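Going by full-length UniProt numbering, the letters in the sequence shown line up with residues 1 to 359, in that order. Ideal Cβ placement from N, Cα and C applies to all residues, glycine included. Fair warning: this is a prediction, and the values are worked out from it, not measured in the lab. Data block below; observations after.
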Amino acid sequence: MASLQTVRVALLIAFSVFLTLILGFGLPSVLNVFTRCCGFPEASVTECVVLLYALFVLYVAVPRLPRGTVKVEGRAVLITGCDTGFGLALAKHFHKLGFAVFAGCLFKDGEGARELENLHSEKLKVVQLDVCSEEQVSQAVEFVTANLEEPEKGLWAVVNNAGISTFGEVEFTTMDTYKQVSEVNLWGTIRVTKAFLPLIRRAKGRVVNIASMYGRMGNALRSPYCISKYGVEAFSDCLRYETKVWGVKVSVVEPGNFIVATGILTRDIVTTTAEKLWKEAPPGVQEDYGKAHFEQYMALMRSYCNSGQREIEPVLDDITDAIMSKQPYTRYNPMEPHWWIRMQIMTHLPAAISDRLYF
Numbered sequence: 001m002a003s004l005q006t007v008r009v010a011l012l013i014a015f016s017v018f019l020t021l022i023l024g025f026g027l028p029s030v031l032n033v034f035t036r037c038c039g040f041p042e043a044s045v046t047e048c049v050v051l052l053y054a055l056f057v058l059y060v061a062v063p064r065l066p067r068g069t070v071k072v073e074g075r076a077v078l079i080t081g082c083d084t085g086f087g088l089a090l091a092k093h094f095h096k097l098g099f100a101v102f103a104g105c106l107f108k109d110g111e112g113a114r115e116l117e118n119l120h121s122e123k124l125k126v127v128q129l130d131v132c133s134e135e136q137v138s139q140a141v142e143f144v145t146a147n148l149e150e151p152e153k154g155l156w157a158v159v160n161n162a163g164i165s166t167f168g169e170v171e172f173t174t175m176d177t178y179k180q181v182s183e184v185n186l187w188g189t190i191r192v193t194k195a196f197l198p199l200i201r202r203a204k205g206r207v208v209n210i211a212s213m214y215g216r217m218g219n220a221l222r223s224p225y226c227i228s229k230y231g232v233e234a235f236s237d238c239l240r241y242e243t244k245v246w247g248v249k250v251s252v253v254e255p256g257n258f259i260v261a262t263g264i265l266t267r268d269i270v271t272t273t274a275e276k277l278w279k280e281a282p283p284g285v286q287e288d289y290g291k292a293h294f295e296q297y298m299a300l301m302r303s304y305c306n307s308g309q310r311e312i313e314p315v316l317d318d319i320t321d322a323i324m325s326k327q328p329y330t331r332y333n334p335m336e337p338h339w340w341i342r343m344q345i346m347t348h349l350p351a352a353i354s355d356r357l358y359f
């Protein structure tokens with residue numbers, strides 16, 4: 001089976017060829033008219049098209065270039081949401097790399113926390129951390145500060161990974177659900193970042209926020225999640241501008257579909273959520289939409305349960321680069337090629353085009 005990188009390159013090259021045909025036959029004519037109106041020579045149009053195409057191919061096809069690596073020795077990272085999924089894997093991964101790891105867990109007596117504690121390592125400490133609790137976040141800061149090898153050198157990195165997801169059409173989704181999702185995904189990210197930023201500034205370290213491809217583009221049935229992740233994107237941009245003067249680097253990781261790899265969506269979860277959505281919907285909404293319409297969308301959600309990438313290594317690799325590279329990227333996009341193409345179309349082309357293509 002071809003590697004993800006190989007498949008991605010092949011699909012993106014094919015897309016670039018298609019784009020080249022469009023540029024080659026359509027754009028020159030348009031640009032020629034424009035340049036004639038501006039008094040520029042027509043020959044410059046072809047040169048511009050060739051340059052744009054070359055830059056596009058370089059962007060999508062060239063592997064990530066090495067940009068130097070920071071030393072692991074003496075550095076510590078805090079990771080939130082280590083009970084399951086990305087967080088649990090990240091805690092073990094960075095511990096294996098040699099970092100001192102503070103693994104924030106919502107349930108300190110849960111299965112994920114026990115798995116980490118069973119490693120019996122002085123360099124991996126489980127921290128009780130509900131990102132929605134001011135008290136627990138403050139206690140986590142005190143615990144981390146007290147257990148840093150050299151507190152005066154600060155904390156090298158915070159990975160804001162804790163998050164929850166849900167689904168449902170807008171009229172079926174309660175305001176409490178909107179608030180709950182944003183409380184964890186957005187306000188939790190901001191709360192933890194603000195609390196640990198003094199330690200990060202001291203180390204001239206890193207803030208890595210886990211957003212989503214749905215922080216860059218919306219989708220039907222996903223408004224609570226999209227809203228929260230769009231907020232994470234905006235917060236990360238603003239923070240990056242502000243902390244540049246401190247030598248702190250901020251990166252956003254935008255995973256695609258990793259449902260199978262993380263188990264974030266199962267048929268049982270769909271069933272439970274569907275029952276809740278229908279029960280909490282106002283009678284008028286139930287009557288207007290109808291049970292058949294509702295069940296059609298719930299069947300669609302069930303079909304997603306076995307979708308997505310089966311390995312989480314692309315996410316781990318990108319977060320590792322964001323923390324260890326001397327020149328980390330602003331954004332990382334660990335996702336399948338078709339999602340990457342869709343995100344580019346939806347974020348760069350007019351909405352009239354992307355809406356017609358995808359909705």
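Counting along the chain, no beta strand (DSSP E) covers Ala281, and no H or E run does either.
The beta carbons of Leu155 and Ile200 sit about 6 Å from each other, so the pair counts as a contact at 8 Å. Fewer than three Cβ pairs drawn from the segment 289-302 and the segment 343-359 lie within less than 8 Å of each other, which leaves the two stretches out of contact. Excluding residues up to 5 positions away in sequence, Val285 lie with their Cβ nearer than 6 Å to the Cβ of Glu171 in the same chain. The segment 207-214 and the segment 144-164 touch, with three or more beta-carbon pairs separated by less than 8 Å. Straight-line measurement puts the Cα of Phe94 at about 19 Å from the Cα of Gln327. Excluding its 5 nearest sequence neighbours in each direction, Lys123 has C-beta neighbours in its own chain below 7 Å: His95, Ala100, Val101, listed in chain order. Note on Val245: under 16 other CB atoms within 10 angstroms of its CB, so exposed under the neighbour-count rule. Here Val72 carries a coil assignment [DSSP, helix/strand/coil].
Around the CB of Ser303, fewer than 16 other CB atoms lie within 10 Å, so the residue is classed as exposed. By the Cβ-count criterion, Gly247 is exposed, with fewer than 16 other Cβ atoms from all chains shown falling within 10 Å of its own Cβ. Secondary-structure assignment with DSSP links Arg206 through a beta bridge to Ala157, Lys249. With respect to the 8 Å criterion, Val126 and Ala140 are not classified as neighbours on the basis of their beta carbons.
Closest in alpha carbon position to Ser121, among Cys238, Thr80, Arg310, Lys92, is Lys92.
Going by beta carbons, Pro224 and Tyr289 fall outside the 8 Å limit. Check the Cα spacing between Arg64 and each of Trp339, Ile353, Pro314: the tightest is with Pro314. CA-CA distance, Val250 to Glu336, rounds to 24 Å. Annotation: the continuous alpha helix (DSSP H) that includes Gln136 extends over 134-147. Annotation for Lys123: no beta strand (DSSP E) segment contains it, and DSSP assigns it neither H nor E. Counting the other CB atoms within 10 Å of its CB gives Leu357 a total below 16, which places it among the exposed residues. Annotation: Gly104 to Ile164 spans about 15 Å, alpha carbon to alpha carbon.
Residue environment: Thr166 is assigned as buried (16 or more neighbouring CB atoms within 10 Å of its CB, all protein chains considered). Restricting attention to Ser228, Ala352, Met213, the CA atom closest to the CA of Pro334 is found in Met213.
Assignment of Leu78 by DSSP, reduced to helix, strand and coil, places it in the strand class. With a threshold of 16 other beta carbon atoms within 10 Å, Pro255 meets it and is buried. The alpha carbon of Lys291 has as its nearest neighbour, out of Glu275, Ala351, Val253, the alpha carbon of Glu275. Judged by beta-carbon spacing, Arg216 lies within the 8 Å limit of Glu233, meaning their Cβ atoms are closer than that value.
For Lys71, the closest of Asp355, Trp340, Ile323, Leu119 by C-alpha to C-alpha distance is Ile323.
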